[in-house]
Amino acid sequence: ANLQSLDGVAGTVRRDIGLVGVAIAGAALGAIGTAIKEASTYQTTLAKVQNAAHLTAAETKAMGQTIMTASIGTTASATQMAAALAPIAGEIETATGKTLTAADATHVLTAGWDLSESTGASYASSVKNITDTLLTYQFNTDQAARVSNVFFEASQQLGIGSDTYGRMLQRL
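Shown next as structure tokens:
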């Protein structure tokens with residue numbers, strides 16, 4: 069009777085291990101699927117940056133590496149950063165008078181992240197507000213952090229959102 073009982077327990081353990089293995093495999097496949105989707109979305113978004121900034125394939129690859137590096141240490145994904153950069157890439161080029169560079173992108177993306185985190189504004193709108201201000205007041209991108217600080221201070225002292233402050237600056 070004890071041997072039959074042990075056989076029953078062993079069978080149950082094997083079945084449970086099999087079910088756990090199937091669950092782990094399913095979770096792994098789900099994670100792989102998500103990673104593939106995210107990579108595809110990132111490549112599509114990076115292509116938008118390439119088109120907006122008229123970058124070569126080599127420049128786009130370097131820009132992609134820059135964006136991935138800039139996203140490290142933030143809660144923003146590289147896709148979010150590329151999505152924020154794509155619509156304003158041409159404005160950065162107009163502000164700087166040259167093709168979008170990795171350094172210019174890093175200045176604006178980092179300043180935008182700082183503003184977004186400090187004020188609670190969306191990342192894309194923070195990047196847009198900083199870029200619009202750089203363009204309007206003819207600042208170089210190395211002034212992006214300074215612009216971000218001004219937006220933060222105005223938001224705190226005036227009690228208005230950075231988007232409202234950005235619209236006010238554009239009207240001046």
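Residue numbers (this note's numbering): 69 to 240. Glycine included, C-beta positions come from ideal geometry on N, C-alpha and C.
- Residue nearest to Thr187 within the set Ala213, Ser139, Glu221 and Thr178 is Glu221 (criterion: CA-CA distance).
- DSSP places Phe219 inside the alpha helix (DSSP H), whose first and last residues are Ala212 to Leu226.
- The DSSP-derived three-state label of Tyr110 is helix.
- Ranked by how close their Cα comes to the Cα of Asn197, the residues Glu106, Lys105, Gln111 and Ala152 have Ala152 in first place.
- Gln238 has its alpha-carbon roughly 32 Å from the corresponding atom of Thr109.
- With contacts defined by Cβ atoms closer than 9 Å, Ala138 and Ala146 form a contacting pair.
- Using a 10 angstroms sphere on the CB of His122, the tally of other CB atoms stays under 16, which defines it as exposed.
- Taken through DSSP and simplified to helix, strand or coil, Ile160 comes out as helix.
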